[in-house]
Amino acid sequence: MIIIGFCNLKGGVGKTTACQNIASALSKMGKKIAVVDMDPQSNLSAGFGLNPSPTDPQVFDLLSGSAEWDDIVINKEGIDVVPSSLSLVMAELNDEGPVSKKTALRDALKKIDPDRYDYVFLDSPPQLGIFTQNVLAACNKIIVPMDGGFYSLFGLRLLDRSMGIFRERLNPELEIAGILMTNYNPRLYISRKIYEDVKNSFGELLFDSYIRQNVSIIEASSMGMSIFEYSPKSKGAECYRAVTQELLRRFEGADSVAEHAEIAETPVNVPDEEPAKIETETVTEPEHEQVIEPEPDIEPEPEPDPVSEPVSEPEPETLQSEKPAVPEPVKIQPNEKRVSTGPYEEGIKSDIIDMLPESEKAMWKQLLDSVTDISRGELDVRSLRDDFEDSDKDRYTFYILNDESDTFWPVMYPDQIIEPLKCLIKWDEYGSAEVFM
16 MIIIGFCNLK
26 GGVGKTTACQ
36 NIASALSKMG
46 KKIAVVDMDP
56 QSNLSAGFGL
66 NPSPTDPQVF
76 DLLSGSAEWD
86 DIVINKEGID
96 VVPSSLSLVM
106 AELNDEGPVS
116 KKTALRDALK
126 KIDPDRYDYV
136 FLDSPPQLGI
146 FTQNVLAACN
156 KIIVPMDGGF
166 YSLFGLRLLD
176 RSMGIFRERL
186 NPELEIAGIL
196 MTNYNPRLYI
206 SRKIYEDVKN
216 SFGELLFDSY
226 IRQNVSIIEA
236 SSMGMSIFEY
246 SPKSKGAECY
256 RAVTQELLRR
266 FEGADSVAEH
276 AEIAETPVNV
286 PDEEPAKIET
296 ETVTEPEHEQ
306 VIEPEPDIEP
316 EPEPDPVSEP
326 VSEPEPETLQ
336 SEKPAVPEPV
346 KIQPNEKRVS
356 TGPYEEGIKS
366 DIIDMLPESE
376 KAMWKQLLDS
386 VTDISRGELD
396 VRSLRDDFED
406 SDKDRYTFYI
416 LNDESDTFWP
426 VMYPDQIIEP
436 LKCLIKWDEY
446 GSAEVFM
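Residue 324 in this note's numbering sits at position 309 of the sequence shown, with consecutive numbering throughout.
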């Protein structure tokens with residue numbers, strides 16, 4: 016029985032979603048799986064469609080010893096789930112309470128027959144409190160999910176520094192088994208930069224496979240399902256199949272991957288292609304690839320007369336200007352293509368850079384200099400929330416800068432766009448940006 020904790024001291028990085036979907040993939044491979052929700056927010060429980068009442072037994076009762084494992088587990092999608100509830104919040108505030116012991120979870124798991132499960136996954140809160148400490152004391156390995164933002168990288172490094180204390184005092188076997196990039200967009204410079212930084216710092220610990228931005232993953236959690244129950248042929252499901260196969264390869268060897276390869280309907284081996292883009296590709300390249308697509312409509316004009324006419328060339332620009340199909344907030348929409356060298360665009364970039372601390376200016380200037388189109392609009396928080404809700408999540412990425420922030424923050428949900436808001440950047444996968452200030 017391998018016990019794996021899913022930890023990152025930064026919230027919103029896809030930790031719970033990764034825990035659920037990797038568990039589901041392993042279950043569909045025939046593995047015996049259990050998951051324990053150690054987060055008072057109960058997101059893992061909700062992801063499986065569970066909402067225990069205060070009188071139902073849940074993880075608090077397991078930690079306090081007032082209920083046994085079999086009294087608590089609920090089987091969902093072939094997985095034994097130990098749910099959580101907000102009652103853990105009050106338990107954490109009570110230093111002398113029954114769950115204040117850092118080894119309470121480890122003691123409870125020792126009572127389980129080691130042959131009962133192949134893997135037990137522990138989902139931890141995004142801070143180093145008593146429940147994360149219980150997870151670190153109980154697990155053999157940890158997987159650290161992180162998105163393409165700098166704060167999740169800080170959370171990873173803080174966790175890495177904290178592990179030495181836990182190895183010395185509570186769990187000498189504790190080690191990081193893998194770092195998983197979630198919500199990853201290889202077309203964005205900032206995502207590739209984070210990937211490169213992690214690869215340089217942690218080497219082979221970084222999973223080769225990663226989880227792309229995919230709206231189906233978010234929708235699945237909101238419906239109380241794994242991605243394999245909600246949309247098994249989606250890009251999100253393909254990514255999690257690839258990650259799960261890589262996990263099996265790390266823990267059980269290549270033979271196990273071959274044995275369970277039948278669940279990978281369309282295996283994804285993204286790492287061999289994408290990491291190479293970190294050094295060679297610029298953000299403008301996808302634009303050229305996409306802009307070329309309309310040309311087949313122009314080339315098949317074999318008539319001898321219109322071939323030399325220059326009138327046919329403006330059509331790609333017309334098509335390009337019509338690409339944003341989602342509802343848009345009030346903004347300046349230029350008729351002609353913007354270029355990053357014009358005074359208007361340079362003024363927008365300068366306004367953004369002036370908001371940031373010195374430590375962030377160089378990186379964001381390099382990022383903004385790589386953008387081929389940039390325009391500006393006025394801030395309207397309500398319209399921006401609607402725009403985010405209606406946008407194609409595979410095409411657009413939103414970054415916000417609030418008054419209390421020191422860098423741009425990737426938006427995952429509409430309610431993260433809150434006032435006071437200083438700036439929002441809407442990135443297009445083709446290398447353009449809309450800036451709302």
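All C-beta atoms, glycine included, are put in the ideal place defined by N, C-alpha and C.
Just so you know, these numbers come straight off a predicted model, no measurement behind them.
Asked, Found
"Within its chain, find whatever has a CB closer than 7 Å to the CB of P489; leave out the 5 residues flanking it on each side and keep chain order.", "Absent from the structure is residue 489, since the part of the chain shown begins at 16 and ends at 452."
"Under the three-state reduction of DSSP, which class applies to A40: helix, strand or coil?", "helix"
"Can you list the beta strand (DSSP E) stretches of 3 or more residues lying completely in the segment 88-171, in chain order?", "89-91, 94-97, 134-138, 156-161"
"Of all the options D409, L65, A49, which has the alpha carbon lying nearest to the alpha carbon of S236?", "L65"
"Check each candidate in L436, G357, P425, D366 and name the one with the smallest Cα separation from D395.", "L436"
"Nearest CA to the CA of F403: which residue from L143, Q35, D430, Q381?", "D430"
"For the putative contact between L439 and L399, defined by C-beta atoms under 8 Å, what is the C-beta separation to the nearest angstrom?", "6 Å"
"Which whole-angstrom value describes the C-beta separation of D138 and L59, a residue pair presumed to lie in contact below a C-beta threshold of 8 Å?", "4 Å"
"Taking DSSP as the reference, what is the three-state secondary structure of K46?", "coil"
"Run through DSSP, which three-state label would F413 get?", "strand"
"Which two residues bound the contiguous alpha helix (DSSP H) that contains F75?", "74-79"
"Does DSSP put G446 in a helix, in a strand, or in coil?", "coil"
"Have a look at L77, S206, A33 and flag the residue whose alpha-carbon is nearest the alpha-carbon of Y166.", "S206"
"Considering only DSSP beta bridges, list what D388 is partnered with.", "S447"
"Would you kindly work out how many angstroms separate the C-alpha atoms of G144 and R391, rounded to a whole number?", "42 Å"
"What does the alpha-carbon distance come out to for the pair P160 and V150?", "15 Å"
"By the three-class DSSP mapping on this structure, what secondary structure does F181 have?", "helix"
"Measuring CA to CA, which of I17, L173, T259, E373 is closest to N155?", "I17"
"Under the three-state reduction of DSSP, which class applies to V396: helix, strand or coil?", "helix"
"Specify, as a first and last residue, the run of the beta strand (DSSP E) that G251 falls within.", "Where G251 is concerned, there is no enclosing beta strand (DSSP E), although the alpha helix (DSSP H) it sits in stretches over 250-267."
"Indicate whether I209 and F21 have their beta-carbon atoms separated by less than 9 Å.", "no"
"In chain order, which alpha helix (DSSP H) runs of at least 4 residues are fully inside the segment 176-248?", "204-217, 230-237, 242-245"
"Please state whether DSSP places G9 in a helix, a strand or coil.", "Shown here, the chain extends from 16 to 452; a query on residue 9 therefore has no answer."
"Helix, strand or coil: which one does DSSP assign to P425?", "strand"
"Check whether the segment 87-98 and the segment 44-64 are in contact - that is, three or more C-beta pairs closer than 8 Å.", "yes"
"Starting from G357, trace the beta strand (DSSP E) both ways and give me its first and last residue.", "Note, G357: premise wrong, no beta strand (DSSP E); not H, not E."
"Judging by CA-CA distance, which residue of N215, K125, D384, R176 is the nearest neighbour of S447?", "D384"
"When DSSP builds the beta bridges, which residues end up paired with S21?", "For the record, residue 21 in the displayed sequence is Phe; it is not Ser. DSSP, once it has assigned bridges, lists D138, I158 as partnering F21."
"Per DSSP, what are the beta-bridge partners of K441 in this structure?", "F413, E449"
"Just verifying my parser: in three-state terms, what is the DSSP assignment at L383?", "helix"
"Measuring only between beta-carbons, confirm whether Y245 sits less than 9 Å from chain B.", "Annotation note: the requested chain B is absent from the structure, which comprises a single protein chain."
"In the DSSP output, what is L371 paired with across the bridge?", "Paired residue(s): none; L371 is not in a bridge."
"For V258, does the count of other Cβ atoms within 10 angstroms reach 16, so buried, or fall short, so exposed?", "buried"
"State yes or no: is the C-beta of M53 within less than 9 Å of the C-beta of V74?", "yes"
"K25 and P141 - do their beta-carbons sit closer together than 9 Å?", "yes"
"To the nearest angstrom, report how far apart W379 and I180 are at their CA atoms.", "35 Å"
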